[in-house]
Amino acid sequence: MAARDVERGGTKNRGSNNNNNYFYDESSGDTHWTSWLIPAIVVANLAVFIAVMFVNDCPKKITGPNKACVARFLGRFSFQPLKENPLFGPSSATLEKMGALEWRKVVHEHQGWRLLSCMWLHAGIIHLLTNMLSLIFIGIRLEQQFGFIRVGLIYLISGLGGSILSSLFLQESISVGASGALFGLLGAMLSELLTNWTIYANKAAALITLLFIIAINLALGMLPRVDNFAHIGGFLTGFCLGFVLLVRPQYGWERSRTHTSSSHAKRKHSVYQYVLFAVSVVVLVVGLTVGLVMLFKGENGNKHCKWCHYLSCFPTSKWTC
1 MAARDVERGG
11 TKNRGSNNNN
21 NYFYDESSGD
31 THWTSWLIPA
41 IVVANLAVFI
51 AVMFVNDCPK
61 KITGPNKACV
71 ARFLGRFSFQ
81 PLKENPLFGP
91 SSATLEKMGA
101 LEWRKVVHEH
111 QGWRLLSCMW
121 LHAGIIHLLT
131 NMLSLIFIGI
141 RLEQQFGFIR
151 VGLIYLISGL
161 GGSILSSLFL
171 QESISVGASG
181 ALFGLLGAML
191 SELLTNWTIY
201 ANKAAALITL
211 LFIIAINLAL
221 GMLPRVDNFA
231 HIGGFLTGFC
241 LGFVLLVRPQ
251 YGWERSRTHT
261 SSSHAKRKHS
271 VYQYVLFAVS
281 VVVLVVGLTV
291 GLVMLFKGEN
301 GNKHCKWCHY
311 LSCFPTSKWT
321 C
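According to full-length UniProt numbering, the stretch in the sequence shown is residues 1 to 321, in order.
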């Protein structure tokens with residue numbers, strides 16, 4: 001039960017009528033944690049973006065009337081010309097200097113730390129605000145339900161999974177952003193719904209709503225200049241982690257344990273929860289291990305999957321990839 005979780009700092013919320021966890025039957029009265037990790041991550045991302053813009057120092061590096069920085073009144077924090085970066089942010093060179101994901105540096109210069117550092121960088125203020133608003137919307141609810149340790153692990157490991165898949169398939173460009181970690185949280189929400197199926201009051205509505213949100217976001221990832229491989233890698237990693245870290249006792253377990261004899265008490269977890277847990281652990285360990293081995297051997301994922309490039313950018317008459 002979450003009420004006996006080792007993560008402290010929450011307050012009990014038993015039988016509350018103002019239930020903000022949609023579709024969820026909280027009759028067992030789980031602990032309602034105070035969310036501080038997600039706000040801290042948001043603040044950290046904002047601080048990193050300010051530091052990147054300080055290092056970028058557009059006015060010092062770009063001169064001339066045709067190459068004017070955007071919002072020059074901000075001084076060294078002004079943005080690169082929109083032709084170079086339409087997202088109101090720094091140059092690609094600055095992002096690479098500050099830790100962007102770049103295949104050659106990871107593989108040939110042994111800078112594996114970029115698999116994690118890229119999660120804290122953003123291409124521009126539009127990119128940053130979009131990701132942070134999504135993180136607040138998704139992450140705070142999860143942290144309130146499951147605590148900071150489990151949500152933090154999902155966020156970091158999913159970001160790593162997204163970086164690995166991105167590096168395997170996108171080897172000619174740099175990649176930044178928290179999108180892989182965000183999609184990991186979405187994947188964890190889906191697996192949490194499936195593994196804790198019995199405790200949801202409106203199962204079909206919850207599933208349809210979540211699948212719709214996931215489908216829209218993955219579809220948007222097929223637009224040009226969007227790293228959908230980071231999205232997919234993060235989502236799959238988070239999906240597996242949800243079966244491992246977000247398991248709840250099945251519906252009625254607390255009540256049966258309290259009101260019936262121990263010989264007739266309902267089992268805390270059902271068989272399918274144990275099966276999903278075991279399968280997910282194996283898939284997660286094997287997947288991350290194989291991905292890392294392929295990456296550091298210099299493998300190109302596109303050689304093993306000829307059609308996979310369409311997952312990141314689908315060419316149409318309106319744009320090319």
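Virtual Cβ for every residue (Gly too), placed ideally from N, Cα, C.
G75, enclosing alpha helix (DSSP H) - first and last residue:
Annotation: G75 is outside any alpha helix (DSSP H) and is labelled neither H nor E by DSSP.
Please return the same chain residues whose Cβ sits closer than 7 Å to the Cβ of R302, not counting the five positions on each side in sequence.
In the sequence on display, residue 302 carries Asn and not Arg. Sequence-distant Cβ neighbours of N302 in its own chain, meaning closer than 7 Å and more than five residues away, are F169, C308 and H309.
Considering only the alpha carbon of each residue, which of L82, L211, R72 and I164 lies closest to V106?
Of the listed residues, the one whose Cα sits closest to V106 is I164.
Buried or exposed, going by whether 16 or more other CB atoms sit within 10 Å of the CB of V275?
Answer is exposed; the Cβ neighbour count stays below 16.
Do C118 and V176 count as a contact pair if the criterion is CB distance below 8 Å?
Here V176 is near C118, since their CB atoms are less than 8 Å apart.
For V70, which beta-bridge partners are listed by DSSP?
Answer is F79, bridged to V70.
Taking 8 Å as the cut-off, does the region 176 to 195 touch the region 118 to 128 (at least 3 CB pairs, one atom from each stretch)?
Judged by pairs of C-beta atoms under 8 Å, the region 118 to 128 touches the region 176 to 195, as three or more such pairs exist.
Helix, strand or coil: how does DSSP classify S35 here?
S35: coil per DSSP, three-state reduction.
Check whether the Cβ atoms of G242 and L284 lie closer than 8 Å to each other.
Not a contact, by the Cβ cut-off of 8 Å.
Beta-carbon gap between Q171 and N56 smaller than 8 Å:
One thing to note: Q171 has its Cβ no nearer than 8 Å to the Cβ of N56.
For S270, does the count of other Cβ atoms within 10 angstroms reach 16, so buried, or fall short, so exposed?
S270 is classed as buried because its beta carbon has at least 16 other beta carbons within 10 Å across all chains shown.
Proximity to G233 [Cα-Cα], best of P59, I154 and Q145:
Nearest C-alpha to G233: I154.
From the DSSP output, in three-state form, read off Y251 for me.
The three-state secondary structure of Y251, taken from DSSP, is coil.
Flag this pair as touching only if the region 141 to 154 and the region 203 to 212 have three or more C-beta atom pairs under 8 Å; answer yes or no.
Result no; under three Cβ-Cβ pairs closer than 8 Å.
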